Amino acid sequence: MVFWHGAATKAVGAEAYKALLQFFLVAVLGGGVSLTYQAFNREADRRTERLRQEEEHAEALRKTWQRYLGELIAHYNTVKRSRRLLRASALTSGPIHLDRRVRIARYDELLQAVLDAQLALETMARTMSVEGGLFEADPELITSFNKAEAYLRSLITEYEDVMPRVDGTEVDLRAMPELADFIGPYAESARFRHEFVHPAHAAMAALERLIVGPVPE
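Position 74 of the sequence shown, counted from 1, bears residue number 86 in my numbering, the numbering being contiguous throughout.
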């Protein structure tokens with residue numbers, strides 16, 4: 013239109029040409045601004061939706077980690093409770109720990125609770141391995157789970173070996189080395205500390221770090 017200025021001015025007059033030029037500029041620029049604004053809004057909507065999806069994903073991950081932490085704490089407490097009850101009610105009296113005898117009925121009852129905890133940890137560890145992406149930010153987590161579960165499994169293996177051979181109401185504690193370590197004085201129960209307590213605490217700490225830390229992309 014600018015190139016046709018002379019011809020257009022002669023054809024419609026100077027004032028009409030100015031009005032036409034202003035209308036043309038408003039229409040073109042206004043349309044461009046409108047398109048830019050619409051594109052900006054679409055991009056803003058996409059960003060908002062992306063953030064919403066990321067927040068929902070992060071919340072789902074945290075709920076999963078919280079569930080694992082809650083279950084781990086519950087099973088850990090079950091094992092600690094069983095240990096204390098075994099010490100309090102499954103042993104005969106005596107000044108020397110290894111010279112005491114195990115009351116089989118009570119041992120049988122309490123080891124079933126340990127068995128439940130072991131099976132639960134085994135299932136959790138297997139699930140964590142399958143869902144590796146949820147836990148890959150802390151690779152020591154699954155290792156700690158497996159170590160704690162393996163310790164409980166050693167107790168259950170001994171339990172499965174002892175029970176079919178019992179022919180009385182009591183058994184010498186010396187004949188049950190896994191149990192002896194499990195319920196011995198804490199300072200002397202090296203395997204219980206290093207293979208169950210410490211790994212369980214490490215797994216709890218790892219889950220807590222995942223819960224409060226940034227969610228991996």
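Ideal placement from N, C-alpha and C gives every residue a C-beta, glycine not left out.
Computed from a prediction, not measured in an experiment: that's the story for all the values here.
Per DSSP, which residues does residue i bridge with? Please list them.
i	result
Asp184	Arg113
Leu103	Val114
Distance check for residue j and residue i, CA to CA, integer angstroms please.
i	j	result
Ala89	Asp150	The sequence given here has Asn at residue 89, not Ala. Looking at the two C-alpha atoms, the distance is approximately 23 angstroms.
Gln124	Val114	15 angstroms
Ala138	Pro107	The sequence given here places Arg at residue 138; Ala does not occur at that position. Going from the Cα of Arg138 to the Cα of Pro107 covers about 42 angstroms.
Leu122	Leu185	15 angstroms
His109	Thr76	42 angstroms
Asp179	Ala187	14 angstroms
Val224	Leu73	11 angstroms
Thr181	Ile116	6 angstroms
Leu133	Val183	28 angstroms
Arg93	His87	10 angstroms
Val142	Glu207	23 angstroms
Ala192	Ala102	12 angstroms
Pro226	Lys159	27 angstroms
Leu146	Thr104	47 angstroms
Arg118	Met216	30 angstroms
His210	Arg177	33 angstroms
Arg203	Tyr163	8 angstroms
Arg221	Arg95	28 angstroms
Gly82	Arg205	21 angstroms
Met140	Glu71	18 angstroms
Val91	Ser201	14 angstroms
DSSP on residue i, reduced to helix/strand/coil?
i	result
Arg205	helix
Asp12	The requested residue 12 does not occur in the structure, where the chain is confined to residues 13 to 229.
Ile223	helix
Pro197	coil
Ile85	helix
Ala217	helix
Val14	With a pLDDT of 46 at Val14, under the threshold of 50, the modelled position of that residue is not reliable, and no figure is offered here.
Contact check, residue i vs residue j under 8 angstroms by CB: the rounded distance?
i	j	result
Asp120	Met175	7 angstroms
Leu84	Ala212	7 angstroms
Tyr80	Met136	7 angstroms
Leu97	Leu153	Going by Cβ atoms, the distance from Leu97 to Leu153 rounds to 29 angstroms, so no, they are not a contact pair.
Glu148	Glu170	Actually they are not in contact, since the Cβ atoms of Glu148 and Glu170 sit about 34 angstroms apart, beyond 8 angstroms.
Ile168	Arg99	At roughly 18 angstroms, the Cβ-Cβ gap does not stay under 8 angstroms, so Ile168 and Arg99 are not in contact.
Ser166	Ala214	Between Ala214 and Ser166 the Cβ distance is about 19 angstroms, and since that is not below 8 angstroms, they are no contact.
Glu161	Gln130	6 angstroms
Hey, is residue i's beta-carbon within less than 8 angstroms of any beta-carbon in chain B?
i	result
Met188	Within the model displayed, chain B is absent; a lone protein chain is all it includes.
Starting from the N-terminal side, write out each stretch of the beta strand (DSSP E) that is 3 residues or longer and does not extend beyond the stretch 144-171.
-> none
Complete runs of the beta strand (DSSP E) confined to the stretch 118-147 [at least 3 residues] = none
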